[in-house]
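Protein chains in written order, with our numbering: chain Z, 474 to 775; chain D, 474 to 775.
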């Protein structure tokens, strides 16, 4: 199976799981449903679910077992984008080439749609009907809430927000590096780690877990560095967002190190991801896909 | 044991559980921690945890077993108040006599503190170390995420937001009544139901669950009607908030039915709560406290 087909299949599973979930409850207020659906269905490659599926299928199991868990990680990703785009945060008008949620539904409804996607993600997760032990489901949920919470993604966002309009002159470069690593680890890498870790935990695999975590951390970090680079150099239309990082004078790998050094760091972390990947065991076909996937995620053109 | 002591004990357990949880992770960004703690520790009687504890202890078990679950319901309550006070929502400057979270930490940080309290609530919940079966923990978490999510509390908030500045003239009264019931059921009653239901589920009690749900729904509804009444007539200083319902021309029992009829409805639902309570079985001492608690919650002076 080639990677594109795997990604397409994953996307279909995730989107039909969401549609089924959101259509199920007739009591859901239509405008809230519309706002949640607008952002969830706004496109995106669904890379986190695909990673979760691959890490699950290393064990030989079938990804459909954990459709609910994969959809829930994407719901959390989706909520984080809605809140991140708000005027009080990044203040973005466009996301994937479309008006952001608050531009369409208003700020209040956008906040609530984010809150609902986050809460419902846990609700949906709990409905997974694979044969994972309850113990493993609980362990996977602990990882999910840890990586998404105050010392995970939200923590990364908070520090990111604080260091808008940062001024390099008044801080030591060393301190800035520490802050930047905190932001990228938590804001981006944590949820990519959660995706891979949860796939592995739900498969009942214990042997791989440490290496899966390390591998996922590396692709998460590299992904964010690449994003920083693209934010500066990519064709804005092609990326479908408005390059708000430089507008907000955010702390990024490019603003701290300059473009060339940022590219060098991306390259280094890219190699570390592959080094970690080599230690992961499982079905050969799925390992190959995971390798291709890593290349796909990290080698975006610049 | 008298009720006041029970409430004080519950409050102590919940607050020390929160402090332990939030202090545990050294990696938590200080300003985010401060913002979360500011709102969580802003006072409040912790009625939801006390209700959860009482419903748990009906079975003869000890409330300390489920401290984490009780704390998590209060964290969700706390997050909902932070987001509800935001300029894009109710736009309140004061909460319990203190400046609201966004007034102190800024809107961006307030949104994130809410997101973090919500996510961490699930994380903390999963750490309960009572001897409840994993199956019951999962069932309790399903209830928590359902009652807090898109067809629960967030749904109620969304409809509440939509019917600000409502105009009775352009809608039928029947439709307005339906909307008002939706708001009050979901915005307020759902989390009170969750509190009682989770206490009961974690105790392993099956027999009581239907009656506990009904009882909790009634106190939840009555609580909100009383709140609507107090928002209009109570001494604003005493309540410690600024009476934003009438400022925002919200749909409430008072704005829809007038003060006297709202009081009559409160009285009717109050009686229904007691009727439901009579069918609940368990330790006599705890049933008496639950009865006193119901009187305490619903008979605020007006």
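Glycine included, C-beta positions come from ideal geometry on N, C-alpha and C.
Query, Result
"Supposed close pair residue 650/D, residue 585/D - CB separation, criterion 8 Å", "About 37 Å; that fails the 8 Å criterion."
"Proximity to residue 771/Z [Cα-Cα], best of 504/Z, 703/Z and 580/Z", "703/Z"
"Neighbourhood of residue 560/D by C-beta, 6 Å cutoff - its chain only, sequence neighbours within 5 removed", "none"
"contact_flag[the region 519 to 526 of chain Z, the region 558 to 578 of chain Z] where n(CB pairs < 8 Å) is 3 or more", "no"
"Cβ-Cβ separation, residue 510/D to residue 486/D (assumed contact under 8 Å), whole Å", "Not really, about 17 Å apart at Cβ, beyond 8 Å."
"Which listed residue (735/D, 660/D, 632/D and 701/D) has its alpha carbon closest to that of residue 648/D", "632/D"
"Segment contact flag, the region 684 to 695 of chain D with the region 656 to 670 of chain D, C-beta cutoff 8 Å, min 3 pairs", "yes"
"8 Å Cβ cutoff, residue 742/Z in contact with chain D", "no"
"Buried/exposed call for residue 607/D, threshold 16 Cβ in 10 Å", "exposed"
"Of the listed residues 766/D, 691/D, 624/D and 563/D, nearest to residue 722/D (C-alpha basis)", "563/D"
"According to DSSP, residues forming a beta bridge with residue 572/D", "567/D"
"Interface positions of the region 569 to 591 of chain D facing chain Z (Cβ-Cβ less than 7 Å), listed along the chain", "580, 581, 582, 584, 585, 588, 589 and 591"
"Range covered by the alpha helix (DSSP H) that runs through residue 498/Z", "Unbroken run through residue 498/Z: none, as it is neither H nor E."
"Residue 558/Z to residue 567/Z span [Cα, whole Å]", "8 Å"
"Listed by chain order, chain Z residues near residue 502/D by CB distance under 7 Å", "628, 631 and 632"
"Top-ranked residue by Cα proximity to residue 767/Z, from 725/Z, 694/Z, 735/Z and 736/Z", "694/Z"
"Neighbour-count burial assignment, residue 654/D, 16 or more Cβ in a 10 Å radius", "exposed"
"CB-CB length for residue 544/Z against residue 597/Z, believed under 8 Å", "6 Å"
"Within 7 Å of chain Z by C-beta, residues of the region 590 to 623 of chain D in sequence order", "591, 592, 593, 595, 596, 599, 607, 608, 610, 611, 614, 615, 618, 619, 621, 622 and 623"
"CB contact flag (residue 593/D, residue 553/Z, <8 Å)", "no"
"Partner residues on chain D for residue 556/Z, Cβ-Cβ distance less than 7 Å", "584 and 588"
"Supposed close pair residue 675/Z, residue 539/Z - CB separation, criterion 8 Å", "5 Å"
"For residue 760/D and residue 505/D, believed in contact at Cβ under 8 Å, the rounded distance", "In fact, because the Cβ distance is near 42 Å, the residues do not count as touching under 8 Å."
"Residues that residue 561/Z contacts on chain D, provided the C-beta gap is smaller than 7 Å", "580, 581 and 584"
"Rounded straight-line distance, which links the Cα of residue 636/Z to that of residue 533/D", "52 Å"
"Selection of the region 502 to 536 of chain D by Cβ proximity to chain Z, strictly under 7 Å", "502, 504, 505 and 509"
"Integer Cβ distance of residue 677/Z from residue 609/Z, believed to fall under 8 Å", "6 Å"
"Check whether residue 861/Z and residue 512/Z have beta carbons under 8 Å apart", "Nothing about residue 861/Z can be read from this structure; chain Z reaches only from 474 to 775."
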